[in-house]
Every structure is written in structure tokens, then in C-alpha cells.
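Numbering (my numbering), first residue to last: 114 to 390. Each residue gets a CB set at the ideal place from its N, CA and C atoms; glycine is no exception. This structure is a prediction, so every number in the text was calculated from the model and none was measured. Let me begin by presenting the structure, written as C-alpha cells, before commenting on it.
What follows is the structure, given as C-alpha cells:
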């Protein structure tokens, strides 16, 4: 079992708060949630693998918990993240529309929400004139004409497929200088033989391997790796996931420091440096 840690200390470790004092202020404002439940005490003990989220505003809610994954990544990247305001965006694997809603609230001009399923996206988003819903469409074989004009920002939360298989289609459908903020899910990257009980990847070394594999594939496809960030929320089964921020049409920013950046994301995310030892 992982070592328990105070919530305020974990907020600082995950870079969700600047200091323990700042963490205490956030908790007192009622905007810190542990596994979906508001935290009232800074000294509360938690497992580093639990979902810890700072919501943007008290009482604010989204159409799905997945929204908080993207919020966590954007907040972690801060000024180094992609520009959203005024952008035409593609949400690959939109599902109920959590990512789409985050993009709209942050000023996106339009979002094309693509999913292989049907009837999943929230009604309020389906009816929003700023959203184009494309259903029953496999992102791996996405026709650029379906999402034209080409989006300049691509986000994605895809399941049951490796990102290495969908990157070519996403790149082909976007602008030559597009930004990509895509979620890497180790459980769909490492191979079934390496999955633990319940389909969960617990070994941090396998997390590193999965993110590195996708990043190298992105580089081979012509994308520059800008940053790596851990998702603050584990998946439904407990899998910890990561975001790769990439950009087309520019030199790679991380270069030989990519492996170190991945390790830092693992250590500051829900897995932490101790879990799996």
C-alpha cells in the first residue's frame, strides 16, 4: 500500500498549489476535491493514487469528470500551454463532451467533436452552434474533409487504441502549425500481457515506456514535443494517464531531455515516486 500523505502537501507536490499556505487557502474556499468529494481539512490523509482536483470555481460543473483531466493539464502547462481563445479545435474521442466544454469555456471559436459512438455527447453541447458533432466515425480513418476547415488545436481522450495509430490521421486533418494536447493511456499502449489486475498499469517504468513510445512516434510523424503533464484524475479503473503537448511545424523543444520530462510528470502525478516500488 502506498504511503499516505496530507492533502495540502499533495497539492504542492502535484503543482496544483504554490505552497502549503496556498493549498490551505484553496481548501478553505471549498474548491479542492478528493475522488469527487470536497476536502475541508488541509491535514486530511490521502493515497497519492487518488484523484485530487482544484476546480476553477466553487459550484462549477461540467458534463463529465473527463473535463477535469484537461483542466488539470492546461493548468499545469499554464502560459506554456496551447492558445485556445479564438481557435478552431478538434476533440478526438469526444464522448459526452467534457473536453469540448472546457475548450468552449476557455474561448474556443468552434469545436468539432468526433466520436466512434452515437448519441453520447451532452444535449447542451449538441445544440450549441459553436459545436459540430461527427458521430460513428473512427478517428484512425478520419477524412480531413469532415472537419474542414482544418483545426489549429487538437485535443484527444481516446480508448481501446494506441495513439501511435491515430496520429497520422489527426495530423493530416489539422493545420500545418497545429497544437496537439493528447492523452496517453498506458493501458492501451503497453500490451495486454503487461496489464495488472483489473487492467491497471501500476509500474511507473511501464508508464514511462508508454509515454516515450507515443512521443517518439509523434516525433517520427513530424511533431515537436513541447511538454508532458500528468492527468490529475486516474481513469475509472484507477489507471494514471498523461498528456503530451505537441506542435507541428517547429523544432523539438525537449530534445534529449524528453525522458527526464516524462519522469518528472510521473513523479508529480498521481503515481508519485514511491508507488510501485
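Three-state secondary structure assigned by DSSP to residue i
i           : result
residue 188 : helix
residue 276 : helix
residue 336 : strand
residue 346 : coil
residue 140 : helix
residue 379 : helix
residue 118 : strand
residue 298 : coil
residue 158 : strand
residue 361 : strand
residue 130 : coil
residue 284 : helix
residue 316 : coil
residue 125 : helix
residue 366 : coil
Residues that residue i bridges to, as DSSP identifies them
i           : result
residue 245 : 225
residue 201 : 223
residue 165 : 147
residue 180 : Looking at the DSSP assignment, residue 180 forms no beta bridge with any residue, so it has no partner.
residue 267 : 203, 293
residue 399 : Because residue 399 is not part of the residues shown, which for the chain are 114 to 390, the question remains open.
Distance, residue j Cα to residue i Cα
i           : j           : result
residue 341 : residue 357 : 5 Å
residue 206 : residue 227 : 6 Å
residue 268 : residue 165 : 22 Å
residue 245 : residue 238 : 9 Å
residue 242 : residue 297 : 30 Å
residue 153 : residue 138 : 11 Å
residue 261 : residue 286 : 8 Å
residue 277 : residue 196 : 24 Å
residue 142 : residue 193 : 27 Å
residue 294 : residue 365 : 15 Å
residue 390 : residue 318 : Below a pLDDT of 50, predicted positions are generally treated as unreliable, and residue 390, at 38, falls in that range; no measurement from the model is reported.
residue 131 : residue 258 : 44 Å
residue 359 : residue 369 : 15 Å
residue 157 : residue 187 : 26 Å
residue 304 : residue 134 : 42 Å
residue 155 : residue 329 : 40 Å
residue 162 : residue 270 : 20 Å
residue 282 : residue 160 : 38 Å
residue 167 : residue 372 : 28 Å
residue 315 : residue 182 : 19 Å
residue 377 : residue 353 : 14 Å
residue 375 : residue 325 : 7 Å
Closest by C-alpha distance to residue i, when choosing among the options
i           : options            : result
residue 235 : 221, 179, 289      : 179
residue 217 : 274, 203, 366, 193 : 203
residue 380 : 313, 125, 181      : 125
residue 232 : 256, 250, 325, 151 : 250
residue 289 : 279, 371, 264      : 264
residue 190 : 372, 355, 363, 361 : 355
residue 185 : 363, 280, 345      : 345
residue 291 : 146, 361, 183      : 361
residue 129 : 145, 282, 117      : 145
residue 331 : 256, 343, 117, 363 : 363
residue 335 : 230, 382, 256, 280 : 280
Rounded distance between the beta-carbons of residue j and residue i, thought under 8 Å
i           : j           : result
residue 174 : residue 211 : About 11 Å separates the two Cβ atoms, so there is no contact after all.
residue 322 : residue 313 : That belief does not hold up - the Cβ atoms of residue 322 and residue 313 are roughly 15 Å apart, past 8 Å.
residue 253 : residue 274 : 7 Å
residue 302 : residue 327 : 6 Å
residue 199 : residue 222 : 5 Å
residue 248 : residue 230 : 7 Å
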